[in-house]
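**Student:** What follows is a single structure, and I will ask about it in a moment.
Residue numbers (the UniProt record's numbering): 1 to 381.
In structure tokens form, the structure reads like this:
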């Protein structure tokens, strides 16, 4: 009998080394105009017994891997690799995840899919307690949650989830502007975001929210930034994670773009949104994180209060560059050649020549360049 477990399609970059435990499948809303991940997936919340069976199979796989841990705490990687050559493809995938998790420390777990808090707090607590008993060495358990559902959970219920083992909730707020939220059909209001955030924090759970610069298009670029700053000030999240908006083919937002109902923001406009949020979110010391390849300036990171000047200086340094320098960096960044403008100096001449030809060929105006950059960004979503 195969001892496998379910693995969902996504997790935050910060959970790259976490064990993934799928407790729901799909998204309860599944109507956001910018997303197509669960387009053909019907939402399903798994039973507690079903999830516990997956945890039991994780324990089984973990015991197989632990036989290759040496007395000095290091691992027999060759032995693990030999183990990974056995069984069906699904068994190997499950074993690889558990092995990678253990070798990397075996401390963090991420609950999948897009809205695991759609489970009743009682059922989720039951699962969390079972998981912690199965793996006592776990130090952090995190989850995704939609603000709409999160707003319906009381601070007392969050405190119970914290006691059961839930340490952090990630939520894609995307924007704090009601106009933008309506435009992208997010199915939530800024008031619900604020209520959700306040209850989560009162319950003692860390809150990590996501902001999409540019998701409101050029028409609402100012509203997107100002609304988000207001929500950040009201909710005091532990983390504000930047996810630069990209309009991907196959989404409703892309259809709006083709019809001319959605005008792409330039990279400069997206950075100005981030700059505005940093300036206006002045009541909290939230940590801003740019931990994704789709963000132009990953160096914009730090605490809203303590590192404000440093983060603004990174943005302003880029904005003060010449138009050609900006385009050269944008192209290199979107092709994963560099992570910061300073790295352009060390770029091989051959690659600089390729980028220069790309920039010189952009003769149809700035907006055509934004379309080209959007196409490059969309590959990473």
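We treat Cβ as the ideally placed atom computed from N, Cα and C, and that holds for glycine. Only a predicted model underlies this, so the values are computations on that prediction, with no experimental measurement involved.
With a floor of 3 residues, list each beta strand (DSSP E) that falls wholly inside the stretch 203 to 253, ordered by position along the chain.
**Tutor:** DSSP runs (the beta strand (DSSP E)) wholly in the stretch 203 to 253: 206 to 211, 239 to 242.
**Student:** With a threshold of 16 other CB atoms inside 10 Å of the CB of residue 82, please say whether the residue is buried or exposed.
**Tutor:** In the chain shown, counting from the first residue as 1, residue 82 sits at position 82. Exposed, since its Cβ has fewer than 16 Cβ neighbours within 10 Å.
**Student:** Give a yes or no on contact between the stretch 187 to 204 and the stretch 153 to 164, applying the rule of three or more CB pairs nearer than 8 Å.
**Tutor:** In short, these stretches touch, since the Cβ pair count reaches three.
**Student:** Any chance the stretch 307 to 322 sits against the stretch 22 to 34, with 3 or more Cβ pairs inside 8 Å?
**Tutor:** No: fewer than three Cβ pairs fall under 8 Å.
**Student:** Considering residue 110, what are the terminal residues of the beta strand (DSSP E) in which it resides?
**Tutor:** Start at 1 with the first residue of the chain shown, and residue 110 comes out as number 110. It spans 108 to 112 - the beta strand (DSSP E) in which residue 110 sits, taken as one unbroken run.
**Student:** I'd like to know whether the C-beta atoms of residue 173 and residue 210 end up nearer to each other than 8 Å.
**Tutor:** Working through the chain shown from its first residue, we reach residue 173 at position 173. Working through the chain shown from its first residue, we reach residue 210 at position 210. Result yes, Cβ atoms of residue 173 and residue 210 sit closer than 8 Å.
**Student:** From the DSSP output, in three-state form, read off residue 80 for me.
**Tutor:** The residue you call residue 80 lines up with position 80 of the chain shown. Residue state, collapsed to three classes: helix.
**Student:** So, helix, strand or coil for residue 317, using DSSP?
**Tutor:** In the chain shown, the residue the question calls residue 317 occupies position 317. In this structure, residue 317 counts as helix in the three-state DSSP scheme.
**Student:** Extract the residue ranges of the beta strand (DSSP E) inside the stretch 265 to 321, only unbroken runs of 3 or more that lie entirely within it.
**Tutor:** Whole beta strand (DSSP E) segments, 3+ residues: 287 to 289.
**Student:** Please tell me whether residue 127 and residue 64 are closer than 8 Å, where the distance is taken between their beta carbons.
**Tutor:** Here residue 127 refers to the residue found at position 127 of the chain shown. Here residue 64 refers to the residue found at position 64 of the chain shown. Cβ distance not < 8 Å, so residue 127 and residue 64 don't count as in contact.
**Student:** If I measure Cβ to Cβ from residue 286 and keep anything under 8 Å in the same chain, skipping five residues before and after, which residues do I get?
**Tutor:** As a first step, residue 286 must be located in the chain shown, where it is residue number 286. These residues qualify, in order along the chain: 232, 236, 237, 238, 239, 240, 303, 304.
**Student:** Hey, how far is the Cα of residue 330 from the Cα of residue 166?
**Tutor:** Here residue 330 refers to the residue found at position 330 when the chain shown is read from its first residue. Here residue 166 refers to the residue found at position 166 when the chain shown is read from its first residue. Taking the straight line from one Cα to the other gives about 39 Å.
**Student:** Taking C-beta to C-beta, are residue 245 and residue 212 nearer than 8 Å?
**Tutor:** On the chain shown, residue 245 is found 245 positions in, with the first residue counted as 1. On the chain shown, residue 212 is found 212 positions in, with the first residue counted as 1. Closer than 8 Å, so yes.
**Student:** Can you list, in chain order, the residues of its chain with a C-beta nearer than 6 Å to that of residue 266? Leave out the 5 residues immediately preceding and following it.
**Tutor:** Looking up residue 266 in the chain shown gives position 266. So the list reads 370, once near-sequence residues are dropped.
**Student:** What number of angstroms, rounded off, separates the C-alpha of residue 106 from the C-alpha of residue 147?
**Tutor:** One-based indexing of the chain shown puts residue 106 at position 106. One-based indexing of the chain shown puts residue 147 at position 147. Going by the C-alpha atoms only, they are around 29 Å apart.
**Student:** Mind checking which residues open and close the alpha helix (DSSP H) that includes residue 120?
**Tutor:** Along the chain shown, one-based indexing puts residue 120 at 120. Counting along the chain, residue 120 falls outside any alpha helix (DSSP H), and DSSP gives it neither H nor E.
**Student:** What's the call for residue 183, buried or exposed, on a 16-neighbour Cβ count within 10 Å?
**Tutor:** Position 183 of the chain shown, counting from 1, holds the residue named residue 183. Buried, because 16 or more other Cβ atoms sit within 10 Å of the Cβ of residue 183.
**Student:** For residue 38, does the three-state DSSP call read helix, strand or coil?
**Tutor:** For the purposes of this step, residue 38 is taken as residue 38 along the chain shown, with counting starting at 1. Of the three classes helix, strand and coil, the one that applies to residue 38 here is coil, per DSSP.
**Student:** Looking at the structure shown, is residue 30 part of a helix, part of a strand, or coil, going by DSSP?
**Tutor:** Taking the first residue of the chain shown as position 1, residue 30 is located at position 30. Reduced to three states, the DSSP call for residue 30 is coil.
**Student:** Threshold first: 4 residues or longer. Then list the alpha helix (DSSP H) segments lying entirely within the stretch 121 to 207, N to C.
**Tutor:** Runs found: 121 to 134, 147 to 150, 155 to 164, 178 to 183, 190 to 202.
**Student:** Please state whether the Cβ-Cβ distance between residue 108 and residue 15 is less than 8 Å.
**Tutor:** Here residue 108 is taken as the residue at index 108 of the chain shown, counted from 1. Here residue 15 is taken as the residue at index 15 of the chain shown, counted from 1. Yes, they are a contact pair.
**Student:** Pop quiz: residue 313 and residue 277 are said to be a contact at Cβ under 8 Å. What is the actual Cβ separation, rounded to whole angstroms?
**Tutor:** Looking up residue 313 in the chain shown gives position 313. Looking up residue 277 in the chain shown gives position 277. The pair is not a contact, with the Cβ atoms about 16 Å apart (cut-off 8 Å).
**Student:** Have a look at residue 353 and residue 290 and give me their C-alpha separation to the nearest angstrom.
**Tutor:** Reading the chain shown from its first residue, position 353 is the one you call residue 353. Reading the chain shown from its first residue, position 290 is the one you call residue 290. Whole-angstrom Cα-Cα distance: 28 Å.
**Student:** Does the distance from the CB of residue 189 to the CB of residue 150 come in under 8 Å?
**Tutor:** As a position in the chain shown, residue 189 is number 189, starting the count at 1. As a position in the chain shown, residue 150 is number 150, starting the count at 1. Contact: no.
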